[in-house]
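Last residue of the sequence shown: 963 (UniProt numbering), numbering continuous. A virtual CB, placed ideally from N, CA and C, is assigned to each residue, including glycine. Notes to accompany the following structure.
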Amino acid sequence: MSDIESDGEDWFNKDEEEILQNLQCKVKNEHTRDTEANTEDIVDANTEYIRGPSETNEYLYQKRLEASSHLSKEANVKKMTTSEMRKAINLEPLDVFLFIITNERDFFVDQISTSDGLERVILYLRIWCKICELELPGFQKELLQYFVNNDIFLEKLRVLSAKLFQKKFKTIWKNVEEVEEIIYAMRFLIVRLHKWQLITTKASYVIEHIKKLIEDSDNPDMVQRQLSQQLKFELDRVLKEECKQLNENANIYPTLNELFEGNGEDCNQIINALKISEKLEVPEYIAKQKRILREDFMIPLRDYVCKLKEFGTSPHGPEIYEDVCIVLNADFINAKRHEMLFVDVFGRKRQLNEKRKKGDNVISLTKEEKKLARDKLSAIKTGSLLLFSTSRSFENLILATVTYTDRELINLGYLGIEIVRQYNIGTFYDRSLLMFETPAFFEPYNNVYNYLNTYGEDKLPMKQYIIDGESNVSPPRYLQITKPYSYDREKLSLNTTNPIKPKSFPLNESQWNAYCKALTHEFCLIQGPPGTGKTHLSVHLVRTLISNAKTPVVLITYTNDSLDKFLLKLSSYTSNILRFGSQTRLREIAKFNVQLQDTQNEMVNPRLKRLYYVVNEEFTTKFAIVQQIQTNFDGSEESYQSLLAAQKAVRDVQEKLKTIRIMFQFYVARKADIIAMTSTFAARNNFLFRLLQCKIVIFEEAAEILESHVLACLTEYTEHVIMIGDHLQLKPYTSNYRNSLTSQLNISLFERLFVNNLKGYTLNVQYRMRPCIADLIHPTFYTDLKNDDTVNSYPKIRNMDKNLYFHTHRKHEIFSEDECSIFNLYEVKEILKLAKFLIEKASYTANDIVILSPYAKQVESLKSEALKSFENTELNISTVDSFQGLEADIVLLSLVRSNDKEQIGFLKEKNRICVALSRAKHGLYIIGNLPLLARCSESWRSIEQILKSQDAIGNEFPLSSEE
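Structural data, given as structure tokens:
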């Protein structure tokens with residue numbers, strides 16, 4: 001072994017305090033150049049760039065000579081000990097971060113010096129990687145900036161790389177796992193620096209040197225490792241500035257020019273080109289998903305703005321507020337939630353009113369005007385995106401998100417906002433502006449888009465199924481194949497070719513087959529036609545997983561109602577449930593709501609409370625700066641830019657505080673059996689999943705969730721995905737109905753995989769519908785759907801000659817221009833008359849009956865008339881879409897469409913027809929223009945033939961004269 005190689009091993013195994021002490025003695029007593037046996041590879045930030053391994057020995061030697069000049073300075077640095085670093089690296093990732101950031105020794109500055117050995121450098125590198133892997137919102141960029149500005153440490157990485165890839169040092173690297181960690185950490189951090197556009201000149205030199213070391217290496221064992229090749233590949237991409245990693249600065253906000261680009265035909269072409277049909281690399285796939293999201297959000301907004309610019313108005317779309325003003329909060333510290341900016345929707349009128357009070361002859365706002373404005377403001381939700389401009393010609397633009405919608409402030413005519421973008425406009429305070437909300441609700445798009453920005457090439461879970469089209473599914477990695485599942489203490493042998501179902505097991509054969517596949521396949525799709533017991537199956541899957549997997553199960557649904565329905569059933573088996581998001585209205589499960597006070601308990605790391613205090617103090621300090629600048633604001637561009645910078649600084653700290661709140665939730669959630677939320681909340685708080693390192697994610701209503709939203713619920717820790725839904729029922733919501741039809745924009749991940757290449761499992765026994773009702777959807781929609789015996793014993797509907805009937809008519813629909821919807825007054829009258837008959841003559845209650853319609857305006861008309869006809873009874877009236885997943889004993893269905901134009905709109909959609917016809921258990925009564933429907937739709941033609949065979953069509957509902 002050469003001297004230099006021996007020296008490297010010696011330093012590798014020493015503690016840095018011992019090294020420093022020895023080195024100081026040698027500097028004091030030795031005056032020769034013979035330091036080679038005593039010091040290690042000491043690096044100075046200003047050294048010449050090393051061109052290749054042939055110069056490495058000379059370089060290391062020179063660094064040893066320079067060490068002595070730094071020793072006195074290093075002795076005065078307050079450094080974290082190596083033993084502290086050793087303890088830190090073995091903590092959980094979040095605990096590492098909290099330990100580092102709250103430590104009295106500043107981990108980010110002067111912790112690596114020219115006298116430090118390999119162990120300390122490697123520990124420092126691994127800790128950096130571990131805390132940056134958390135992708136901490138609000139903290140990440142600041143952490144990476146500290147990293148890239150640490151020149152001494154960057155130089156140490158050069159020398160570390162020299163020792164990694166030169167054969168003479170191979171005996172140092174006996175620990176294979178540690179070598180893998182080093183290479184992975186370097187690759188991860190360099191990619192993240194490039195992604196955040198933080199590569200400095202110094203960092204670029206280091207990156208180029210590491211690449212050259214790999215290319216010229218004489219150590220094939222090291223170079224041929226997969227991680228080494230991945231590192232070289234990433235270094236090439238970074239240096240060529242062709243890295244395909246997502247650009248962190250990319251955002252979903254529209255530019256001024258984009259609002260006027262393209263037309264409907266162009267939009268269709270764009271979206272059709274974005275269909276996920278071919279195999280893609282992860283960066284291209286994520287880029288397409290982001291583009292799809294962005295286009296779906298932009299299409300209705302672009303159409304609306306173009307009409308405003310061309311015609312000055314638009315009959316359909318968001319409300320336009322004239323003469324509003326953006327005002328500064330005059331009392332920051334005392335303001336609720338410390339909002340900095342508000343929209344004053346009374347704007348100019350309020351200012352004129354103030355003048356009137358001073359004696360000017362100006363008309364003030366009426367009570368009716370104030371009430372109307374407040375009613376409209378109440379419809380604007382937190383997370384909405386507002387657009388402002390000085391005129392309808394849109395020479396300028398301001399974009400702002402709604403941050404606060406307190407009822408007291410709304411009553412005063414104010415909304416809390418945050419400016420996110422502005423174009424061609426300087427200071428805008430107290431200027432008269434027009435304002436409107438984007439047609440599509442902004443927050444879900446923004447949350448998912450922002451999370452997709454965090455995806456790296458190696459971070460897409462289930463890539464082989466989602467992108468590569470793999471159909472052979474592996475078992476979950478966490479599953480111990482040799483250890484069988486148990487259910488209520490009974491062993492289940494699920495891994496055999498034909499697992500035998502225990503006699504007492506509460507599942508039918510198709511449910512049992514799906515149950516076995518779901519537990520033994522890491523990615524599983526289960527289709528559940530109406531009434532086949534999807535939720536029942538899901539409950540037993542979750543029960544099994546929480547008792548066997550020993551990891552929190554993440555439960556995602558599309559709607560809050562479905563989430564509550566699921567949790568209500570699960571609550572019979574476990575109380576260790578946490579429900580995030582909107583607070584449930586069901587008293588039985590309200591105890592599962594995550595409350596703020598839940599996070600202030602003994603389970604929380606004390607260092608997190610310390611961090612919260614420090615960041616809160618930072619927030620107060622920076623808020624005071626904003627207050628000071630605002631107080632001295634003189635309207636000049638310089639003053640305006642200073643104010644903008646100060647406001648951004650406050651927003652950055654607010655982002656940290658949001659992250660800290662999620663950290664508090666983590667300490668409460670990590671011991672839970674079930675973490676439950678909607679897909680919208682999950683996209684906004686995916687950081688919680690990363691902290692929990694959740695392995696299992698179950699999607700209910702999976703066919704209603706857009707593909708990008710599913711991605712936002714997964715993390716690199718996800719090892720088991722179960723998706724339960726039905727792609728023949730409702731599809732995912734998109735912002736633009738016309739484009740979703742022509743471009744198939746609303747194809748869910750569930751449907752895409754189920755139909756194309758990944759064989760799913762279908763439940764085939766329905767427990768909901770009377771057989772004559774079930775006949776409407778089988779075989780029209782489902783080729784294999786059987787009736788359970790229980791549905792044959794349903795009682796007939798009292799005082800009706802038929803349990804299923806279609807009242808057909810030719811009374812025309814009415815188009816509501818103000819709401820861009822359709823209603824039919826004849827059907828309103830007939831449906832309510834039937835409801836009244838069933839309640840008064842047949843002795844049914846309002847809870848037994850639900851009235852459905854596909855059109856929102858028809859639902860509104862039905863509710864309005866019902867208030868007049870049913871004084872003491874509140875009828876359940878809903879849109880078909882809103883009633884997805886629910887059921888009722890008797891359903892009265894108003895289809896609305898009746899015209900001479902041969903148009904039936906989205907009644908052509910098989911999915912909506914399927915949902916509408918499958919909600920009723922005992923009785924289904926439909927009203928509509930059946931000949932028109934049959935002429936326009938093959939599905940309705942099939943349904944017409946089934947109804948004819950049952951003698952269930954006529955010109956009036958089949959009321960019976962029996963008592």
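In the pairwise beta carbon analysis, the segment 137-154 is classified as touching the segment 101-114: at least three pairs are separated by under 8 Å. For residue 846, there is no enclosing beta strand (DSSP E), as DSSP marks it with neither H nor E. Between the segment 180-187 and the segment 225-244, the count of C-beta pairs closer than 8 Å reaches three or more; the two stretches touch.
Only residues of its own chain outside the window of five on either side were considered, and among them 850, 852, 919, 920 and 924 have a CB closer than 7 Å to the CB of residue 891, listed in chain order. Excluding its 5 nearest sequence neighbours in each direction, residue 673 has C-beta neighbours in its own chain below 6 Å: 546, 574 and 576, listed in chain order.
Under the three-state reduction of DSSP output, residue 222 falls in the helix class. Following the DSSP letters along the chain, one finds residue 303 inside the alpha helix (DSSP H) bounded by residues 282-311. Counting C-beta pairs closer than 8 Å gives three or more between the segment 791-804 and the segment 829-842, which meets the contact rule.
Buried is the label assigned to residue 303, since at least 16 other Cβ atoms lie within 10 Å of its Cβ. Of the candidates 640, 725, 607 and 595, 595 places its Cα closest to the Cα of residue 668.
By the neighbour-count criterion, in which 16 or more other beta carbons inside 10 Å mark a residue as buried, residue 161 falls on the buried side.
Excluding residues up to 5 positions away in sequence, 566, 698, 700 and 724 lie with their Cβ nearer than 7 Å to the Cβ of residue 538 in the same chain. Residue pairing from DSSP leaves residue 142 without any beta-bridge partner. Here the C-alpha atom of residue 212 lies approximately 10 Å from the C-alpha atom of residue 235. Between the alpha carbons of residue 148 and residue 707 lies a gap of roughly 35 Å. Going by DSSP, residue 920 is part of the beta strand (DSSP E) stretching over 920-928. By the Cβ test, the segment 157-172 is in contact with the segment 216-229, since at least three Cβ pairs between them sit closer than 8 Å. If you draw a 10 Å sphere on the C-beta of residue 866, you find 16 or more other C-beta atoms in it, and that means buried.
About 5 Å separates the beta carbon of residue 97 from that of residue 131, a gap short enough to meet the 8 Å contact definition.
In this structure residue 101 is buried. Its beta-carbon is surrounded by 16 or more other beta-carbon atoms within 10 angstroms. The three-state reading of DSSP puts residue 660 in helix, counting H, G and I together. DSSP lists 399 as the bridge partner or partners of residue 421.
Using a C-beta cut-off of 8 Å, the segment 522-538 makes contact with the segment 717-736, since at least three inter-stretch Cβ pairs fall below that distance. Taking the Cβ atoms as the reference, residue 465 lies roughly 6 Å from residue 758, within the contact range of under 8 Å. Sequence-distant partners of residue 815 (beyond 5 residues in either direction) whose C-beta falls short of 6 Å from its own C-beta, in its chain, are 822.
Nearest neighbour of residue 652 by Cα position, chosen from 95, 85, 141 and 733, turns out to be 141. If you draw a straight line from the Cα of residue 607 to the Cα of residue 790, it comes to about 58 Å. Residue 515: member of the alpha helix (DSSP H) spanning 509-520, first to last residue. Annotation for residue 762: 527 place their beta carbon closer than 6 Å to its own, counting only its chain and skipping 5 residues before and after. For the pair of segments examined, the segment 489-499 was found to touch the segment 510-522: the number of CB pairs separated by less than 8 Å reaches three. Contact annotation: residue 846 and residue 886 have beta-carbon atoms that are not nearer than 8 Å. For the 8 Å CB-CB criterion, residue 387 and residue 442 do not form a contact. In the DSSP assignment, residue 536 falls within the unbroken alpha helix (DSSP H) covering 534-548.
Spanning the alpha carbons of residue 413 and residue 714 requires a straight line of approximately 40 Å. Bridge partners of residue 787 according to DSSP: 766. About 7 Å separates the Cβ atoms of residue 431 and residue 390, confirming a contact at the 8 Å cut-off.
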